[in-house]
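Protein sequence lines, in the order shown, are assigned to chains A and B.
Positions 9 to 259 (the numbering used here) are the ones given, in order, by the first sequence.
Positions 11 to 128 (the numbering used here) are the ones given, in order, by the second sequence.
Think of the CB as a built atom: it goes at the ideal place given N, C-alpha and C, for glycine as much as any other residue.
Beneath this line is the structure, given in structure tokens, with notes to follow.
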Amino acid sequence: MKRVLAILFVSALAALLLYAAALLPPMGDADNPTNQHIAPRYLERGPEEAGTHNIVAGVLLNYRGYDTMAEVAVLSAALAGVFAVLGKGRTRIGSTFIDGARVEFSIVSRIAVILLVSFIMLLSIQVILQGTNLPGGGFQGGAAIGAGVMISTLALGFGRTQHRVPYSLRAILESTGILAFFVVGTIGVVSGANFLTYTLPGINEQAQAIARTTMLIVVEIGIGVMVGAVATSVFFALLREKEAHDVDRAA
Amino acid sequence: MIALLDNLNYAVAMILFCIGFYTVIMRSNLIKKIVGLTIMQVAVFFFLVSIGYLADGEAPTVIPGAPPPPMVNPLPQAMILTAIVISVSTTALFLSLALKFYEHHGTVDMDKAKEDKR
């Protein structure tokens, strides 16, 4: 009975949504309101106004910098929530499900994973640093860092990965994103410009361009390191201790 | 119907959203509910990115010196980029709550947990 009702309700919802989708203007048309509203301005004057050849990064860091700063804060809030629910992930070394797995990784696959992770880390550094001018940026690079740490944990075990990125280090890195935004914004305010405009008034144009690129790259690096650290911390916090878990179940 | 074929991306996003919604309301397993929520999120991302699409548009990266080709709308891409990372961390929060539920009740199934209580 419940199932029939649910199917009916979801079908009605689907019909309504599909009807609405059919009424939308055809996808990919240059005359669509979405492509006429503000996008042409971004695309035309983005490199000059935001200082990035990658317009997505320009929108993210400069045009809508406040928004991105708040989203980075949401990331911190979600991490704080995970820590509040699960604890800080200070599991004892060698006691997680991964370390206690019955089948050991062979030496070949372990070496392959070490090689793979080194290339993933190189890629993520490049993606973060080229973010202002080429496709890439802090969020993507940070996600790649997190993926690299996860692969390494799955293959090498929690103990061998964890001591390379200990909790004390991650605790600092997890705040770099917001810190970078605040430092860059405050430098602008102190020198007489507005918050997060990436400008320093009173210096010549050439120095201005260099200062703007430097600030943008500092923010990109901050975001990248933070996203990587948050992904790592969340993953480590979700890993459970094997014995502690068994004891819980028995009790 | 023809209009729907023009907007195939939108239609797929709507159907994906409904699949996710059905999963959320029908499954009593918490992990499956979280999977349903994630499907709904992905449907919204897909819809918003599709809105910014431009036929034959290039990626919104300006090459200095060259005349700019028609480029897709950068705004939805920038929005979704942050939203994806946020969705990963909120999913982690959901999963950690599910983990606590499991440690407390010994099951991730809400119906079974209710039966055990009686």
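Counted within 10 angstroms of its Cβ, other Cβ atoms place residue i as buried (16 or more) or exposed
| i | result |
| --- | --- |
| T222/A | exposed |
| R220/A | buried |
| P48/A | exposed |
| E228/A | buried |
| R178/A | buried |
| L31/A | exposed |
| P84/B | buried |
| A245/A | buried |
| F127/A | exposed |
| E79/A | buried |
| M234/A | buried |
| A215/A | exposed |
| T42/A | buried |
| G62/B | buried |
| G66/A | buried |
| V12/A | exposed |
| T140/A | buried |
Neighbourhood of residue i by C-beta distance below 6 Å, restricted to the same chain and skipping five residues each side
| i | result |
| --- | --- |
| D256/A | Since pLDDT at D256/A reaches only 46, below the 50 mark, its modelled position is unreliable, and the value read off the structure follows with that caveat. Nothing listed; no residue qualifies. |
| S132/A | G149, A152 and I153 |
Cβ-Cβ distance between residue i and residue j below 9 Å
| i | j | result |
| --- | --- | --- |
| A239/A | M158/A | yes |
| T60/A | F189/A | no |
| L208/A | S99/B | no |
| G67/B | P77/B | no |
| V226/A | V197/A | no |
| V135/A | G232/A | yes |
Coarse secondary structure for residue i, derived from DSSP in three states
| i | result |
| --- | --- |
| E113/B | helix |
| Y20/B | helix |
| E52/A | helix |
| M158/A | helix |
| T221/A | helix |
| D254/A | Since pLDDT at D254/A reaches only 48, below the 50 mark, its modelled position is unreliable, and the value read off the structure follows with that caveat. Correct three-state label for D254/A: helix. |
| N39/B | strand |
| M35/A | coil |
| M81/B | strand |
| T169/A | helix |
| A108/B | helix |
| E79/A | helix |
| S176/A | helix |
| R118/A | helix |
| A259/A | Annotation note: pLDDT 41 at A259/A (below 50); position unreliable, coordinate value reported separately. Of the three classes helix, strand and coil, the one that applies to A259/A here is coil, per DSSP. |
| Y206/A | coil |
| M9/A | coil |
| E228/A | helix |
| Q138/A | coil |
| G145/A | coil |
| A76/B | coil |
| F91/A | helix |
| F113/A | coil |
| A22/A | helix |
Nonlocal neighbours in the same chain, by C-beta distance under 7 Å from residue i, ignoring five residues either side
| i | result |
| --- | --- |
| F111/B | L40 and V118 |
| L142/A | N62 |
| Q138/A | G144 |
| I29/B | I49 |
| Y20/B | F57 and S60 |
| V173/A | V157 and T240 |
Counterpart residues of residue i in DSSP-defined beta bridges
| i | result |
| --- | --- |
| T71/B | N62/A |
| L64/B | G36/A |
| D119/B | N39/B |
Other residues of its chain near residue i: CB distance less than 8 Å, five sequence neighbours each side excluded
| i | result |
| --- | --- |
| A217/A | G59 |
| E182/A | S84, L87, M234, A237, V238 and S241 |
| Y32/B | G46 |
| D37/A | N43 |
Short CB-CB distance (under 9 Å) between residue i and chain D
| i | result |
| --- | --- |
| L142/A | The structure shown has no chain D; the protein chains it does contain are A and B. |
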